[in-house]
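Colleague: Residue numbers (the working numbering), protein chains in the order written: chain W, 48 to 342; chain X, 48 to 342.
The structure is given below, and queries will be raised subsequently.
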């Protein structure tokens, strides 16, 4: 299924963009799980147009209704991968989508995996990108830190390089879709809490709370949902380490790929995300119209 | 009365900014007439958070209620002048206000005065700024094109230079506040429709529809409300001729002076204005806090 505009993230920035693209007659889908940080916001009183405070939940629901009414497709799914071929190819747990333009509106990067010494080994055994670094670990012993579909996807990306893969859940409840259960069976699973990582120059392994040590050549981080940063690393999108760098038209360095909202780190507010989503839509609409005109 | 944040314009950009500044405990006022371009918008369906279309009128009213509830002062008045001394001095029809920071959120520039040959004489007899150009017309015969408080204010700014001032309303109904009626009596008033401006190199006068000609050395344009461009000219704010140039923090080239919404010409949408207002607030809050800390 080829979409004109595929938006990753169902928060204010993503939905605002979708409202514009769909009204411009672009075939539009918004993909994401219902896990916006806004859900925790009990009372929002600084978003223009609401005389009385509104809950984040209410705002999210209303926004989706609004986009759906105008014709945008809302897809409950987790995006685990994104590639650029002729069009963009977006891999989700339950399907693969193609799109002419993509907006990343996945919110603020998820909290770092709470594992001691993680930063110390970043780039020296710790990686956030299987696509980038998998090759370095041919026939090595690797781990993937995570417990969701995203972690299973990352682990399976390593299969062409090595079969010695352990999924470390760090004692988080394993939360994997049924259709990935078979893939999951190809990895060892360690459900114990991690105490710390160890190594001299580079990562050598990890110590579990229980006391036992596991030697490792590399550990890939895929903790929680795929964040904007993980997409950025896979795609070569320029970041400042925390946020995607977008210009004043919300363009990233990759043509056709845009970013809006908290993942741009500009000012993490509903107001700002909504404005950025609208601004991004303008270029997306222009690109798609040009593509269709040029055939 | 010294305000921390004074916002000119009661549309989405201005009110969004006020919501943020007032919540940051800044003494905040929003000044303007109820004349937003949004009032003409019957159905807005591209502003995030409304499942069903909302009218511009409803949105404006709700926004003002929201800002007022949080403690912002909404002042129904027309801003006719703005100067920077130690603080900013904002002159309105009914009062003068002082402010530490100012946001210009006056919407898109008003339509050009519908007078033939106007552009031809711009800078050669036609001026948009009494403060800038009044001095060139000492003891000359000048006109002011306009019919509102703003026009009367502009005409009175010329009094130190010349007494020979005619207010040309171009057949628009004169719309002047009671407290300016006395000032108004110091000018000649011509209520006829203007056919065209004439002159060889520079403006020499205007021809009325009725056929009669009026010689003039200069004509100052103050048609309708004071627009962002008229403020820009008075203050030396950089524009591109149509819109105020603001950077990605919504700062103009004048410290403490910000711009947001349609007057920045970026993408004239409620969504965008609301986001820009929020972004501007952040710097305004920082400036005011620093001022207060430094005494």
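For every residue, glycine included, the Cβ atom is placed at its ideal position computed from N, Cα and C.
So, does the segment 125 to 141 of chain W touch the segment 185 to 202 of chain W, judging by three or more C-beta pairs under 8 Å?
Modeller: Flag = yes, the segment 125 to 141 of chain W and the segment 185 to 202 of chain W touch.
Colleague: Distance check for residue 214 (chain W) and residue 233 (chain W), CA to CA, integer angstroms please.
Modeller: In the first chain, residue 233 (chain W) corresponds to position 186, counting from 1. In the first chain, residue 214 (chain W) corresponds to position 167, counting from 1. The straight-line gap from Cα to Cα measures roughly 10 Å.
Colleague: Which parts of the segment 304 to 341 of chain X are runs of the alpha helix (DSSP H), unbroken and 4 residues or longer, counting only runs that do not cross its ends?
Modeller: Correct list: 317 to 341.
Colleague: Give the secondary structure of residue 183 (chain W) by DSSP, where H, G and I count as helix, E and B as strand, and everything else as coil.
Modeller: Counting from one through the first chain, the residue named residue 183 (chain W) turns up at place 136. Note: residue 183 (chain W) maps to helix in three-state DSSP.
Colleague: Per DSSP, which residues does residue 139 (chain W) bridge with? Please list them.
Modeller: The residue you call residue 139 (chain W) lines up with position 92 of the first chain. Paired residues: W:126, W:142.
Colleague: Which residues mark the beginning and the end of the beta strand (DSSP E) in which residue 276 (chain W) is found?
Modeller: As a first step, residue 276 (chain W) must be located in the first chain, where it is residue number 229. Run containing residue 276 (chain W): none in the beta strand (DSSP E); it sits in the alpha helix (DSSP H), 275 to 282.
Colleague: Please give the ranges of any alpha helix (DSSP H) in the segment 148 to 214 of chain W, keeping only runs that are unbroken, at least 4 residues long and fully inside the region.
Modeller: Counting whole runs of 4 or more residues, the segment 148 to 214 of chain W contains the alpha helix (DSSP H) stretches 177 to 180, 196 to 204.
Colleague: Kindly indicate if chain X contains any beta-carbon less than 8 Å away from that of residue 249 (chain W).
Modeller: Looking up residue 249 (chain W) in the first chain gives position 202. Cβ-Cβ to chain X under 8 Å: no for residue 249 (chain W).
Colleague: By the DSSP assignment, the alpha helix (DSSP H) with residue 240 (chain W) in it spans what residues?
Modeller: Translated into the one-based positions of the first chain, residue 240 (chain W) becomes position 193. Careful: residue 240 (chain W) lies outside any alpha helix (DSSP H) and carries neither H nor E.
Colleague: If the criterion is Cβ atoms closer than 8 Å, does the pair residue 79 (chain W) and residue 320 (chain W) meet it?
Modeller: For the purposes of this step, residue 79 (chain W) is taken as residue 32 along the first chain, with counting starting at 1. For the purposes of this step, residue 320 (chain W) is taken as residue 273 along the first chain, with counting starting at 1. Cβ distance not < 8 Å, so residue 79 (chain W) and residue 320 (chain W) don't count as in contact.
Colleague: Assess contact between the segment 321 to 336 of chain X and the segment 322 to 332 of chain W, defined as three or more Cβ pairs (one per stretch) separated by less than 8 Å. Is contact present?
Modeller: At 8 Å Cβ cutoff, the stretches touch.
Colleague: Under 7 Å, CB to CB, which of the residues in the segment 66 to 77 of chain X have a partner in chain W?
Modeller: The segment 66 to 77 of chain X vs chain W, Cβ under 7 Å: 66, 67, 70.
Colleague: Determine which residues of the segment 156 to 173 of chain X have a Cβ less than 7 Å from any Cβ of chain W, and write them out in chain order.
Modeller: From the segment 156 to 173 of chain X, no residue has a Cβ closer than 7 Å to chain W.
Colleague: How would you list, in chain order, the residues of chain W whose beta-carbon sits under 7 Å from the beta-carbon of residue 314 (chain X)?
Modeller: Here residue 314 (chain X) refers to the residue found at position 267 when the second chain is read from its first residue. The answer, in chain order, is 325, 326, 329.
Colleague: For residue 248 (chain X) and residue 102 (chain X), I'd like the C-alpha separation in whole angstroms.
Modeller: Indexing the second chain from 1 puts residue 248 (chain X) at position 201. Indexing the second chain from 1 puts residue 102 (chain X) at position 55. C-alpha separation (whole angstroms): 48 Å.
Colleague: In chain X, what lies closer than 7 Å to residue 110 (chain W) by C-beta?
Modeller: Mapped onto the first chain, residue 110 (chain W) falls at position 63. Near residue 110 (chain W) (Cβ distances below 7 Å), the residues of chain X are 95, 96.
Colleague: Since residue 117 (chain W) meets chain X, which of its residues come closer than 8 Å, beta carbon to beta carbon?
Modeller: Start at 1 with the first residue of the first chain, and residue 117 (chain W) comes out as number 70. Under the 8 Å cutoff, chain X gives 92.
Colleague: Thinking just about the alpha-carbon of each residue, which of W:183, W:207, W:297 is nearest to the one in residue 306 (chain W)?
Modeller: For the purposes of this step, residue 306 (chain W) is taken as residue 259 along the first chain, with counting starting at 1. When each option's Cα is compared against that of residue 306 (chain W), the closest is W:297.
Colleague: List the endpoints of the continuous alpha helix (DSSP H) containing residue 67 (chain W).
Modeller: The count along the first chain starts at 1 and reaches residue 67 (chain W) at position 20. 59 to 70 is the extent of the alpha helix (DSSP H) around residue 67 (chain W).
Colleague: Taking only the alpha-carbon atoms, compute the straight-line gap between residue 82 (chain X) and residue 64 (chain W) and give it to the nearest angstrom.
Modeller: Within the second chain, residue 82 (chain X) is the residue found at index 35, counting from 1. Within the first chain, residue 64 (chain W) is the residue found at index 17, counting from 1. Rounded to whole angstroms, residue 82 (chain X) to residue 64 (chain W) spans 28 Å at the Cα level.
Colleague: Out of curiosity, what's the CA-to-CA distance linking residue 107 (chain X) and residue 85 (chain X)?
Modeller: Here residue 107 (chain X) refers to the residue found at position 60 when the second chain is read from its first residue. Here residue 85 (chain X) refers to the residue found at position 38 when the second chain is read from its first residue. C-alpha separation (whole angstroms): 8 Å.
Colleague: List the whole-angstrom C-beta distance separating residue 172 (chain W) from residue 288 (chain W), where the pair is believed to meet the contact cut-off of C-beta under 8 Å.
Modeller: Reading the first chain from its first residue, position 125 is the one you call residue 172 (chain W). Reading the first chain from its first residue, position 241 is the one you call residue 288 (chain W). Actually they do not touch by this definition, with Cβ atoms about 18 Å apart.
Colleague: Note the first and the last residue of the continuous beta strand (DSSP E) segment covering residue 103 (chain X).
Modeller: If you number the second chain from 1, residue 103 (chain X) lands on position 56. Where residue 103 (chain X) is concerned, there is no enclosing beta strand (DSSP E), although the alpha helix (DSSP H) it sits in stretches over 103 to 117.
Colleague: Give the range of the beta strand (DSSP E) segment to which residue 216 (chain W) is assigned.
Modeller: Against the first chain, residue 216 (chain W) aligns to sequence position 169. Run containing residue 216 (chain W): none; DSSP gives neither H nor E here.
Colleague: Identify, in the order they occur along the chain, each residue of the same chain with its Cβ nearer than 6 Å to the Cβ of residue 122 (chain W), setting aside the five sequence neighbours on each side.
Modeller: Numbered from 1 along the first chain, position 75 holds the residue referred to as residue 122 (chain W). Counting only Cβ-Cβ distances below 6 Å, and skipping sequence neighbours, we find 76, 78.
Colleague: Where do the ends of the beta strand (DSSP E) carrying residue 250 (chain W) lie?
Modeller: Numbered from its first residue, the first chain carries residue 250 (chain W) at position 203. Per DSSP, residue 250 (chain W) belongs to the beta strand (DSSP E) from 250 to 255.
Colleague: Measure how close the beta-carbons of residue 316 (chain W) and residue 97 (chain X) come, nearest whole angstrom, since I'm counting them as under 8 Å.
Modeller: Numbered from 1 along the first chain, position 269 holds the residue referred to as residue 316 (chain W). Numbered from 1 along the second chain, position 50 holds the residue referred to as residue 97 (chain X). Going by Cβ atoms, the distance from residue 316 (chain W) to residue 97 (chain X) rounds to 18 Å, so no, they are not a contact pair.
Colleague: Alpha helix (DSSP H) containing residue 231 (chain W): first to last residue?
Modeller: For the purposes of this step, residue 231 (chain W) is taken as residue 184 along the first chain, with counting starting at 1. Where residue 231 (chain W) is concerned, the enclosing alpha helix (DSSP H) stretches over 228 to 231.
Colleague: Let me check understanding here. Comparing Cα to Cα, which of X:255, X:141, X:146, X:139 lies closest to residue 133 (chain X)?
Modeller: Translated into positions along the second chain, residue 133 (chain X) becomes position 86. Here the closest residue by C-alpha is X:146.
Colleague: Could you give the C-beta distance for residue 245 (chain W) and residue 220 (chain W), rounded to a whole number, given that I count them as a contact under 8 Å?
Modeller: For the purposes of this step, residue 245 (chain W) is taken as the residue at position 198 of the first chain. For the purposes of this step, residue 220 (chain W) is taken as the residue at position 173 of the first chain. With a Cβ gap of about 26 Å, residue 245 (chain W) and residue 220 (chain W) do not count as contacting.
Colleague: Is the beta carbon of residue 304 (chain W) closer than 8 Å to that of residue 191 (chain W)?
Modeller: For the purposes of this step, residue 191 (chain W) is taken as residue 144 along the first chain, with counting starting at 1. For the purposes of this step, residue 304 (chain W) is taken as residue 257 along the first chain, with counting starting at 1. Not a contact, by the Cβ cut-off of 8 Å.
Colleague: So, residue 256 (chain W) versus residue 281 (chain W), is the Cβ gap smaller than 8 Å?
Modeller: Sequence index remark: in the first chain, residue 256 (chain W) carries index 209 (1-based). Sequence index remark: in the first chain, residue 281 (chain W) carries index 234 (1-based). No. Outside cutoff.
Colleague: What in chain X is Cβ-close to residue 62 (chain W), meaning under 8 Å?
Modeller: Against the first chain, residue 62 (chain W) aligns to sequence position 15. 95, listed in chain order.
Colleague: Out of W:72, W:48, W:54, W:118, which has the shortest C-alpha to C-alpha gap to residue 333 (chain W)?
Modeller: The count along the first chain starts at 1 and reaches residue 333 (chain W) at position 286. The residue with the shortest Cα to Cα distance from residue 333 (chain W) is W:72.
Colleague: Could you check if residue 308 (chain W) is buried or exposed, using at least 16 other CB atoms within 10 Å of its CB as the buried criterion?
Modeller: For the purposes of this step, residue 308 (chain W) is taken as the residue at position 261 of the first chain. Per the 10 Å Cβ criterion, buried.
Colleague: Would you mind giving the Cβ-Cβ distance between residue 67 (chain W) and residue 328 (chain W), rounded to the nearest angstrom? I have them listed as a contact below 8 Å.
Modeller: Counted from its first residue, the first chain places residue 67 (chain W) at position 20. Counted from its first residue, the first chain places residue 328 (chain W) at position 281. Contact flag correct, Cβ pair sits at about 3 Å.
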